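Notes to accompany the following structure.
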Amino acid sequence: MTSLTVATWNINSVRLRLESVLRFLSEAAPDVLCLQEIKTEDANFPGAAFTQAGYPYQAVKGMKAYNGVAILSRLPLTRTHTLEVCARQDSRHIAAEVAGFELHNLYVPAGGDIPDPEQNEKFAHKLRFLDEVTDWFARNRSADHPMMLVGDLNIAPLEQDVWSHKKLLDVVSHTPIEVARMAAWQNGLSWVDAVRHFVPADQKLYSWWSYRAKDWDLADKGRRLDHIWVTPPLKDRLHGADILRPWRGIEKASDHVPVLVRLTVPA
DNA sequence: ATGGTTGGGGTCCAA
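The opening residue of the first sequence carries number 540 in this note's numbering; numbering runs sequentially from there.
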């Protein structure tokens with residue numbers, strides 16, 4: 540058995556932050572990196588730079604200006620596919636087989652500001668998106684299938700996944716309605732929250748801090764929006780997880796930081 | 001209670 544590291548990072552423009560991604564690959568040395576919000580068409584994805592950095596296996600689903608996801612890997616990626624959730628071609632999902640399991644990389648819609656699907660079409664879309672992916676996994680996969688699901692899910696489900704549970708109950712990303720949707724999705728295939736597997740639920744954990752704070756680090760009003768889940772066959776192979784807060788403090792930082800897990804895989 | 005910042009594309013939308 541050997542160890543595999545899989546990381547996920549909402550990069551908020553892969554072209555603007557290319558040098559940061561390359562430094563992350565060099566310093567954290569993940570075997571696989573899943574990116575969200577690459578904000579570029581496939582033709583402009585800086586794939587050659589990643590190949591040169593030792594990540595020749597790549598799966599990219601981009602679009603102009605918005606969204607976009609990609610998987611970079613040291614190991615071969617096979618059976619790559621994408622889902623068009625809510626019949627929109629908005630590049631929010633890509634999946635591939637790697638190291639003997641199926642890896643899904645997702646960027647869930649943020650959902651706008653008003654936490655009411657009647658008044659806010661973006662929030663309605665977010666809820667439909669969650670229902671549709673839940674249904675897709677229920678129909679097409681089972682809990683005994685070795686899978687990992689990563690990405691910016693734009694929901695902070697636990698009380699200690701936000702800086703103030705009380706103050707954020709009406710804030711999109713932590714409302715009971717979307718937290719319930721996420722629980723249904725997670726319970727459907729008995730997905731295990733791989734980060735909380737190592738960190739007790741009463742301990743604060745954030746992966747995102749707003750750009751709008753005067754001092755993000757001092758105020759520390761974060762939320763855990765970025766997640767890594769595994770199905771039961773991978774659960775006992777997990778041996779570590781990290782949320783890399785220091786990446787929020789670099790020059791021209793993304794508002795999200797990398798999240799990673801380590802697991803053993805057959806040699 | 002309000003407005004605060006960022007990215008991409010093109011003089012505004014999404015987060």
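Every residue gets a Cβ at the ideal spot worked out from N, C-alpha and C, and that includes glycine.
Just so we're clear, the structure is a prediction, and the values are computed from it rather than from any experiment.
- Spatial neighbours of Arg-680 in its own chain (CB-CB distance under 7 Å, excluding positions within 5 residues in sequence) are listed in chain order as Met-686 and Leu-728.
- For the 9 Å CB-CB criterion, Ala-780 and Leu-799 form a contact.
- Of the residues assessed, Asn-644 falls on the buried side of the cut-off, its CB having 16 or more other CB atoms within 10 angstroms.
- Rounded to whole angstroms, the gap between the alpha carbons of Glu-790 and Val-710 is 28 Å.
- Take Gly-593, set aside five residues on each side of it, and the residues of its chain with a beta-carbon closer than 8 Å to its own are Leu-564 and Arg-613, in chain order.
- Straight across, the Cα-Cα distance linking Thr-770 with Thr-617 is about 19 Å.
- Within the segment 667 to 746, complete beta strand (DSSP E) segments of at least 3 residues are found at 686 to 691, given in chain order.
- Under a 10 Å Cβ-count criterion, Phe-589 is classified as buried, with 16 or more other Cβ atoms of the shown protein chains found around its own Cβ.
- In the three-state scheme derived from DSSP, where H, G and I count as helix and E and B as strand, Ser-630 is classed as coil.
- The beta carbon of Thr-714 sits closer than 7 Å to those of Pro-654 and Leu-708, all from its chain and outside the five residues before and after it, given in chain order.
- Around Ala-752, the same chain offers Ala-758 and Lys-760 as residues with beta carbons nearer than 7 Å, after the five sequence neighbours per side are excluded.
- With a cutoff of 9 Å on beta-carbon distance, Pro-785 and Ala-546 are scored as not near each other.
- In the three-state scheme derived from DSSP, where H, G and I count as helix and E and B as strand, Asn-549 is classed as strand.
- Between Phe-668 and Val-734, the C-beta gap is not smaller than 9 Å, which leaves the two residues out of contact.
- Counting C-beta atoms within 10 angstroms of its own C-beta, Leu-555 has fewer than 16 neighbours from the protein chains shown and is therefore classed as exposed.
- Ser-712 and Val-599 have their C-alpha atoms spaced approximately 26 Å apart.
- The three-state secondary structure of Asn-583, taken from DSSP, is helix.
- Taking a C-beta distance under 9 Å as the contact criterion, His-632 and Val-689 do not qualify as a contact pair.
- Residue pairing of Ile-789 in beta bridges, as defined by DSSP: absent, with no partner found.
- In the same chain as Gly-651, and ignoring 5 residues on each side of it, the C-beta atoms closer than 6 Å to its own belong to Asn-659, Lys-661 and Phe-662, in chain order.
- Inclusion of Ala-722 and Pro-696 in the CB contact set at 9 Å is warranted, their separation being smaller than that value.
- The shortest CA-to-CA distance from Ile-610 to any of Pro-595, Lys-603, Ala-604 and Leu-622 is the one to Pro-595.
- Thr-579 counts as buried, since at least 16 other C-beta atoms from the protein chains shown sit within 10 angstroms of its C-beta.
- DSSP, reduced to helix, strand and coil, places Thr-544 within a strand of the structure shown.
- In the DSSP annotation of this structure, Arg-763 is not part of any beta strand (DSSP E), being labelled neither H nor E.
- Beyond the five residues adjoining it in sequence on each side, Ser-542 comes within less than 8 Å, by CB distance, of His-778, Arg-801, Leu-802, Thr-803 and Val-804 in the same chain, given in chain order.
- In the structure shown, Thr-621 adopts coil according to DSSP, grouped into three states.
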